[in-house]
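Every position in the sequence shown, counted from 1, becomes a number in this note's numbering once 2 is added.
For every residue, glycine included, the Cβ atom is placed at its ideal position computed from N, Cα and C.
Heads up, the thing below is written out as C-alpha cells.
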Amino acid sequence: MILSSFRKYAFIPVLSLALLGLPQMVGAAGTAGTSDAAAAGTIIQLGTSETSTDLQALQEVLDYLEAYNIEGVERQEFLDNAIRGMVYTLDDPYSDYYSKDELESFENSVNQEFVGIGVTLRFYNNKLYITDVLPNSPASKAGLLAGDIITKVDAKPVTSSEDVARIQGEENTQVSITVNRNGQALVYPITRAHFTLPSVTGKVIPSSRVGYIAVTSFSDTADEEFAQKLASLRKEGIGALVLDLRDNLGGYVESAANIAKQFMKEGILMYTSGQSGEMQPVEITGGQDIGMPVVVLTNGLTASASEILTGALRDNGIAKVVGEQTYGKARIQNVFPLSNGSSLKLTVQAYFTPNKLDFNHVGLKPDIEVKNNAAAQLITGMYAAGVRQISVSGGPASLNINGTAFPGYIDVIQDGQLTYAPSRLLSSLIQGTPVWNSKNGKLTITDLQGKQTGFTLAAKTVKVVDGESYLELHEFQKKYPKLTWSYKQGLLNLFMK
C-alpha cells in the first residue's frame with residue numbers, strides 16, 4: 003500500500019488491544035491493569051517509597067548529565083531511551099514505548115486511517131503494477147485504475163521496486179504519476195491526503211448462494227461494519243459464507259468478540275492467563291447462531307485477534323479453515339497512557355483457543371492446507387463453502403473469479419509455444435492436491451477420486467521458477483479435458499465445464 007509510509011505492522015502483527023473486562027488502573031491513567039491483582043479488581047498504588055528509591059539513581063544520572071556532559075543534554079530523549087531500555091529488556095516483541103505521535107500513528111493504522119495516494123502495488127518482471135485503487139483515496143478520485151503500469155514518478159522513470167518510496171510523502175504534497183494504460187501514456191498529478199478505508203468488504207460470489215466477507219483489520223468499527231455487511235448479504239439470500247482473514251494482523255479484541263457473536267449464540271471465545279498462569283474463560287453470550295456453513299481463509303499474516311476469531315469459530319464447530327498456517331501470536335497487549343503524554347504498550351495476558359491450544363510462535367494449522375497462492379486459496383475455500391462452478395481470469399495485477407474482482411493475481415510463463423500456469427491454481431480448479439517430488443522432477447496431482455496424474459520436468463510438462471511449480475496448459479487440458487483456457491494480451495482465462 004502506498005500510504006504515509008509502509009504500514010508499520012506490515013511485518014509485525016498488530017496487537018490484540020483492549021482486553022475485555024479489565025478495570026482501570028489507578029495512578030497511571032491507564033486503560034487496564036497489568037497483573038492478576040488488577041484483573042481481580044485490586045487497586046494498585048503507584049509511587050511507593052520503594053519505587054522512589056529505585057528512581058533515585060535515574061535522577062542522579064540525569065543530574066550528572068546536565069551538570070557535566072559536554073555533548074549537550076536532551077533530557078526528554080534520555081528519559082525516553084531509559085524507558086525503552088526497560089521495555090526492550092523484557093525480550094517481548096509486542097511490548098513497546100510510544101511517543102504521542104507514534105501512538106497516534108499506530109492507532110491510525112489499526113483503524114485503517116492513512117495518508118498517501120491510496121494504491122496497492124506489485125513490482126513484477128521489471129514493471130510496477132497497480133493491483134488495486136483504494137476507495138475514497140486520492141488515486142481513486144484522480145482516475146488511476148487497477149492494472150495501470152506506473153512508468154514514471156515525478157517524470158523520473160521507474161526502474162526498481164525501490165522507486166515505490168518516491169510515491170510516498172506527507173499530506174498535502176503533490177506527486178506526478180505517469181502510467182501505461184493499454185499502450186497509452188497518461189499523467190496524473192495527485193495530492194497526497196488523509197483517507198479512511200473500510201475494515202470490512204463483502205459480496206455475493208456470482209453463480210452461487212455463497213457470500214464472501216473480508217475483514218482487513220479489527221478496528222474500532224469493524225464489528226459494526228461486519229454486522230451490516232452480513233445482514234446485507236443475508237437479504238441477498240446467501241446460504242454459506244467465506245470469511246477472509248488473510249493478511250489481517252489483528253486489532254481490538256472487543257471487535258473480534260462482537261464479530262464472533264454474529265456466529266454463535268453462546269460459547270467460549272478463548273481462555274486467557276495472566277501472571278499466575280491460571281486459565282480463565284472469556285465467554286460469548288447474547289449472540290446468534292449463523293445457521294450456515296462457514297469457511298475461514300488464513301495465511302501467514304493472519305495474526306492476533308484474527309487468530310482469536312479463527313480458533314473460536316473452529317473449536318466451536320462453526321467453521322472449516324482453509325489456507326496456510328497462521329502467524330502464531332497468542333498474546334494480548336494494553337496501552338497505558340503516561341503522565342508525560344507518551345504511552346506504554348505492554349503484554350498483559352496470554353490467550354488460548356477454546357480447546358486450550360497454545361499456538362504462540364506456532365500458529366493455527368488449517369483443516370485444508372493451500373500454500374503460497376491466493377487464488378488457489380480462494381477457489382478451495384469457495385468449493386468448501388458450496389460453490390459448484392468456477393471460472394477464473396487474471397494477470398500479473400488482477401484476479402477475477404466468476405467475473406468479480408478479488409485480491410490476487412495470476413502469473414503465466416511462456417516458453418516458445420508452451421504456456422505454463424501455477425500448479426496450485428490449476429490443482430484447486432479440479433479440487434486436486436499437488437505434491438512435488440524434487441528427486442525425480444515430478445509433480446503428482448491427486449483428485450477427489452484418488453486418481454493420480456503426473457507431470458515431469460523431463461517431458462517439459464512442469465516448470466519450476468523461484469521455487470514454485472507451473473504446469474503446461476496444453477498438457478493439463480489433455481489430462482483434465484473439463485478445463486478450457488485461453489491466454490491473450492497477458493490475461494489468462496480458465497473455466498471448468
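- Looking at the DSSP output, E371 sits in a beta bridge with G325.
- By the C-beta density criterion, L60 is exposed, having fewer than 16 other C-beta atoms within 10 angstroms.
- When K367, L67, G330, T223 are compared, the shortest CA-CA separation from E115 is found for T223.
- L473 is positioned such that its CB atom lies no closer than 7 Å to that of L427.
- Residues T463 of the same chain have their beta carbon placed closer than 6 Å to that of E477, with the five preceding and five following residues left out of the count.
- Remark: C-beta atoms of N301 and S395 do not approach each other more closely than 7 Å.
- Linking V112 to K499 through their CA atoms gives a straight-line distance of about 43 Å.
- Under the three-state reduction of DSSP, E173 is assigned to coil, being neither helix nor strand.
- In this structure, V135 places its C-beta atom within 7 Å of the C-beta atom of V121.
- The DSSP-derived three-state label of E115 is strand.
- Proximity to G343 across I447, S101, D65 peaks at S101, based on C-alpha coordinates.
- By the criterion of at least three beta-carbon pairs nearer than 8 Å, the segment 327–339 is in contact with the segment 89–106.
- With the rule of 3 Cβ pairs closer than 8 Å, the segment 184–197 does not count as touching the segment 206–219.
- When the beta-carbon positions are compared, K444 and G456 come within less than 7 Å of each other.
- Apart from the 5 residues on each side of it in sequence, P283 sits with its Cβ closer than 6 Å to the Cβ of I270, Y273 in its chain, given in chain order.
- The bridge partners DSSP lists for I207 come to none.
- Judged by DSSP secondary structure, N404 falls outside any beta strand (DSSP E); it is assigned neither H nor E.
- Between N250 and T218, the CB-CB gap stays under 7 Å.
- In chain order, R211 place their CB closer than 7 Å to the CB of G239, counting only its own chain and leaving out the 5 sequence neighbours on each side.
- Annotation: E285 to A307 spans about 15 Å, alpha carbon to alpha carbon.
- For A387, the closest alpha carbon among the candidates E79, V297, A259 is that of V297.
- Between the alpha carbons of I432 and S201 lies a distance of about 32 Å.
- With distances taken between CA atoms, N362 lies nearest to T304 out of K481, V177, L105, T304.
- In the structure shown, the three-state DSSP call for F497 is strand.
- Annotation for A242: the continuous beta strand (DSSP E) segment containing it runs 242–246.
- In this structure, N375 lies away from P339, with their beta-carbon atoms at least 7 Å apart.
- Nearest Cα to K358 within the set G145, A69, S440, I310: I310.
- When rounded, the separation of the alpha-carbon atoms in S430 and D413 is 15 Å.
- The straight-line gap separating the alpha-carbon atoms of N182 and K129 is approximately 10 Å.
- Here A399 is not near Y66, since their CB atoms are 7 Å or more apart.
- In the structure shown, Y254 adopts extended strand secondary structure according to DSSP, grouped into three states.
- Within a 10 Å sphere around the beta-carbon of N127 sit fewer than 16 other beta-carbons, which makes this residue exposed.
- The DSSP-derived three-state label of T153 is strand.
- The Cβ atoms of A352 and S275 sit closer than 7 Å to each other.
- Just measuring C-alpha positions, the residue of F497, V467, V337, A377 sitting nearest S393 is F497.
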